[in-house]
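Sequential numbering of the sequence shown, starting at 10, is according to our numbering.
Cβ atoms here follow ideal geometry from the backbone N, Cα and C, with glycine treated the same way.
From a predicted model like this one, the values you see are computed outputs, not experimental measurements.
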Amino acid sequence: MAIRVLLFEPEDILYKRPQPNQHFHAFLEKLGLQPRHPQMVQRALKAGYFDVIHGRITRDDFYDAILRFYEIEGETVIPIGRKALLADSMSIEAMNDAPSVLKNLQADGFKLALVMNSEHPSQDVITMLARAGFPTALWSSVTTSCQVGKSIPDKSIFDTALDKAEASPGETAFISPRGEILVRVMEYGLATVAFGQPENNAFADHCFQHLSELYQFLTK
Numbered sequence: 010m011a012i013r014v015l016l017f018e019p020e021d022i023l024y025k026r027p028q029p030n031q032h033f034h035a036f037l038e039k040l041g042l043q044p045r046h047p048q049m050v051q052r053a054l055k056a057g058y059f060d061v062i063h064g065r066i067t068r069d070d071f072y073d074a075i076l077r078f079y080e081i082e083g084e085t086v087i088p089i090g091r092k093a094l095l096a097d098s099m100s101i102e103a104m105n106d107a108p109s110v111l112k113n114l115q116a117d118g119f120k121l122a123l124v125m126n127s128e129h130p131s132q133d134v135i136t137m138l139a140r141a142g143f144p145t146a147l148w149s150s151v152t153t154s155c156q157v158g159k160s161i162p163d164k165s166i167f168d169t170a171l172d173k174a175e176a177s178p179g180e181t182a183f184i185s186p187r188g189e190i191l192v193r194v195m196e197y198g199l200a201t202v203a204f205g206q207p208e209n210n211a212f213a214d215h216c217f218q219h220l221s222e223l224y225q226f227l228t229k
């Protein structure tokens, strides 16, 4: 069966984060605080991150946990900190010619869908992408883990994404920068495309480093 649906895990394929934590670090500076090492923060908040991307706690609950880690409190300060964290999470930049390549793929008859582990509901993701230059009309569906209660690579989130896109596994390609998860996704009957380093090809049906290469392959 020919591929007609492209299911992207979008970060580091369609967009990047050129200035991560910019707003939160500015917020900390105003309070006279220094950012802590990212690995230290990640370890301390590992359980909270798992809970928020699975919809077990709200986005604000998770952001409050980050603020508590920095011992930040106060009714007037907490909302400002939340706003800074949200701004960082929603601050992205389109990869090179990603919007134009996707428009061309859609014009050639491909359905475009997104699936991602995120604390954001799908409508917020659509808004975030629109601000970065991706028209809302591009997407057949957007599926986020916090709304499904399961995360990539669990089969349930792929089942939901395919249902929303009205697609079958045999006509769908899953495209991810994380080659290590693709071997599991293969078991679900989807074609797999690794994006990035050539060694990822060991886990995928195909491997590309640029969206233009994917476009040329699909339309040749």
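field: E175 and A11 closer than 8 Å at C-beta
entry: Not in contact: E175 and A11 (Cβ atoms no closer than 8 Å).
task: Starting from M125, follow the beta strand (DSSP E) in both directions and report where the run begins and ends.
output: Looking at the DSSP string, the run of the beta strand (DSSP E) that includes M125 is K120 to M125.
message: My output table needs one value for E189: the three-state DSSP class, helix, strand or coil.
response: Correct three-state label for E189: helix.
- request: Identify every residue that forms a DSSP beta bridge with T67.
  value: BP columns for T67 are empty, so no partner.
query: Can you list, in chain order, the residues of its chain whose CB lies under 7 Å from that of S131, leaving out five sequence neighbours each side?
result: Contacts found: V151, T152, T153 and Q156.
field: For T153, the residue or residues it bridges with in DSSP
entry: M125.
- prompt: Are the segment 19 to 31 and the segment 99 to 107 in contact at 8 Å, needing three or more beta carbon pairs?
  reply: Touching, yes.
message: Restricting to Cα atoms, I'd like to know which of F59, Q31 and T201 is closest to K92.
response: That would be Q31, whose Cα lies nearest to the Cα of K92.
message: Alpha carbons only, please: which of H129, P162, G118 and A35 is nearest the one belonging to S149?
response: By alpha-carbon distance to S149, the top candidate from H129, P162, G118 and A35 is G118.
message: Using 8 Å for Cβ pairs, my map puts F122 next to L16. What's the rounded Cβ distance?
response: At residue 122 the sequence reads Ala, which differs from the Phe that was named. At roughly 5 Å, the Cβ-Cβ gap stays under 8 Å, so A122 and L16 are in contact.
- prompt: Which same chain residues, not among the five before or five after G158, have their C-beta less than 7 Å away from its C-beta?
  reply: Within the same chain, and ignoring the five residues on either side of G158 in sequence, the residues whose Cβ sits closer than 7 Å to its Cβ are H63 and G64.
field: Rounded straight-line distance, which links the Cα of K229 to that of L54
entry: Distance between the alpha carbons of L54 and K229 is about 46 Å.
- prompt: By how many angstroms is the C-alpha of F212 removed from the C-alpha of A203?
  reply: Approximately 8 Å, taken between the alpha carbons.
- prompt: What number of angstroms, rounded off, separates the C-alpha of P162 from the C-alpha of V194?
  reply: Note on geometry: alpha-carbon atoms of P162 and V194 lie some 7 Å from one another.
message: If I measure Cβ to Cβ from Y224 and keep anything under 7 Å in the same chain, skipping five residues before and after, which residues do I get?
response: Taken in chain order, the residues that qualify are V110, N113 and L114.
field: Span of the beta strand (DSSP E) around T145
entry: That residue, T145, is in no beta strand (DSSP E); it is neither H nor E in DSSP.
Cβ neighbour criterion (16 or more within 10 Å) applied to R52: R52 should be labelled exposed.
message: Bridge partners for A182 per DSSP, in chain order?
response: Note: A182 sits in a beta bridge opposite L15 and A200.
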